[in-house]
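Residue numbers (the working numbering): 5 to 223. Following: one structure in structure tokens, then a few remarks.
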Amino acid sequence: MEFDNALDLFTRTLATERSRPDVHATMLSLAQPDVVTAVSTEIQQALVRGERVWMTADLHLSHTNVIGYCNRPFTDVSQMNEHLVSQARKVRDDEWLVIVGDLAMGDHQLAMEWVRRIPGRKVLVVGNHDLTMKGECRYLTEMSSGEQRPLFEALVPFLAWRDALEQNVFVSHYPATVEHSFGRLVNYHGHLHRDVLAPTETTHFVNVGWDVTQGIVCL
Numbered sequence: 005m006e007f008d009n010a011l012d013l014f015t016r017t018l019a020t021e022r023s024r025p026d027v028h029a030t031m032l033s034l035a036q037p038d039v040v041t042a043v044s045t046e047i048q049q050a051l052v053r054g055e056r057v058w059m060t061a062d063l064h065l066s067h068t069n070v071i072g073y074c075n076r077p078f079t080d081v082s083q084m085n086e087h088l089v090s091q092a093r094k095v096r097d098d099e100w101l102v103i104v105g106d107l108a109m110g111d112h113q114l115a116m117e118w119v120r121r122i123p124g125r126k127v128l129v130v131g132n133h134d135l136t137m138k139g140e141c142r143y144l145t146e147m148s149s150g151e152q153r154p155l156f157e158a159l160v161p162f163l164a165w166r167d168a169l170e171q172n173v174f175v176s177h178y179p180a181t182v183e184h185s186f187g188r189l190v191n192y193h194g195h196l197h198r199d200v201l202a203p204t205e206t207t208h209f210v211n212v213g214w215d216v217t218q219g220i221v222c223l
């Protein structure tokens, strides 16, 4: 899937979501063609080589209320953080881990300490809760913190490639709003927590959110 087509699809998807001009403007500003294309290509090539690529979404680390909202089986946020991070530690240092938005809520600095315990080449596909109400990305400082290896390989609003079946693959926090002109599409997404979308004539939706998968997904 070419970058321009993916950007068009992402822009159409944003237009159907609740209007948050600052947030959506920041998401679009992160759509840097060279970064999105490079990361998408590396992940596509890893899959072709038979390597494991992992995905998850809507972890909501440090978010106390999500335990009740989504009926998560934890007594407190510390137990939840420990469990979610322990699941993600199955990722090897040389494997890709794509977090499809809404990494944390609440104490984001504390959440980052948990994220540092997760191995792998981490990419954050930015979700609405990864941005402040002013539309600022909470994790940009983690890309230039002076660490030898940044916490994230990239912060992007979407990823896109073609799979072994020549289907377009589109990764976005919000479920994609797809028109027939995009052809066959697999959309890995989050945002809906426990809700699962039925496939359409052209699109297969895969909710990789933790409240559906109860873990991390290996593609």
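Quick reminder that beta carbons are idealized off the backbone N, C-alpha and C, glycines included. All values reported here derive from a predicted model rather than from experimental measurement.
Of the residues the options, the one placed nearest residue i, counting alpha carbons only
{"i": "M109", "options": "E140, H64, V27, Y73", "result": "H64"}
{"i": "P1", "options": "L88, R93, K138, P203", "result": "The structure shown does not extend to residue 1, since the chain is modelled only from 5 to 223, so the question has no answer here."}
{"i": "A50", "options": "D106, W165, Q36", "result": "W165"}
{"i": "L201", "options": "A19, T145, V40, Y178", "result": "Y178"}
{"i": "K126", "options": "L135, V221, L155", "result": "L155"}
{"i": "N75", "options": "D215, G219, I220", "result": "D215"}
{"i": "P161", "options": "F186, G131, L169", "result": "G131"}
{"i": "G219", "options": "T20, N9, L159, Q91", "result": "Q91"}
{"i": "Y73", "options": "R198, E157, Q48", "result": "R198"}
{"i": "W100", "options": "P77, F7, T79, G54", "result": "G54"}
{"i": "I47", "options": "L32, T68, V175, Q36", "result": "V175"}
{"i": "M5", "options": "K94, F186, Q36", "result": "F186"}
{"i": "T217", "options": "L88, L34, E170", "result": "L88"}
{"i": "N9", "options": "A35, K94, T145, P203", "result": "A35"}
{"i": "S33", "options": "L11, K94, T79", "result": "L11"}
Buried or exposed by the 16-neighbour rule on C-beta atoms within 10 Å, applied to residue i
{"i": "Q83", "result": "exposed"}
{"i": "C141", "result": "buried"}
{"i": "S44", "result": "buried"}
{"i": "V70", "result": "buried"}
{"i": "L135", "result": "buried"}
{"i": "A158", "result": "buried"}
{"i": "D4", "result": "The first residue shown for the chain is 5 and the last is 223, placing residue 4 beyond what the model contains."}
{"i": "V212", "result": "buried"}
{"i": "T145", "result": "exposed"}
{"i": "T30", "result": "buried"}
Integer Cβ distance of residue i from residue j, believed to fall under 8 angstroms
{"i": "A61", "j": "I103", "result": "7 angstroms"}
{"i": "L163", "j": "Y143", "result": "No, L163 and Y143 are not in contact; Cβ-Cβ is about 17 angstroms, not under 8 angstroms."}
{"i": "H133", "j": "D98", "result": "Not really, about 29 angstroms apart at Cβ, beyond 8 angstroms."}
{"i": "F14", "j": "T41", "result": "That belief does not hold up - the Cβ atoms of F14 and T41 are roughly 14 angstroms apart, past 8 angstroms."}
Own chain, CB closer than 6 angstroms to residue i, minus 5 neighbours either side, in chain order
{"i": "V210", "result": "Y192"}
{"i": "D167", "result": "V173"}
{"i": "C222", "result": "R56, W58"}
{"i": "H195", "result": "H177, Y178"}
{"i": "E21", "result": "Y178"}
{"i": "H28", "result": "L18"}
{"i": "V190", "result": "Q171, V173, H208"}
Own chain residues within Cβ distance below 8 angstroms of residue i, not counting five before or after
{"i": "S66", "result": "V81, N85, A108, M109, G110, D111, H112, L114, A115, W118"}
{"i": "R96", "result": "R56, P123, G124"}
Other residues of its chain near residue i: CB distance less than 7 angstroms, five sequence neighbours each side excluded
{"i": "P203", "result": "F209"}
Original post:
Can at least three beta-carbon pairs, one atom from the region 200-207 and one from the region 176-184, be found at a separation below 8 angstroms?
Top reply: yes
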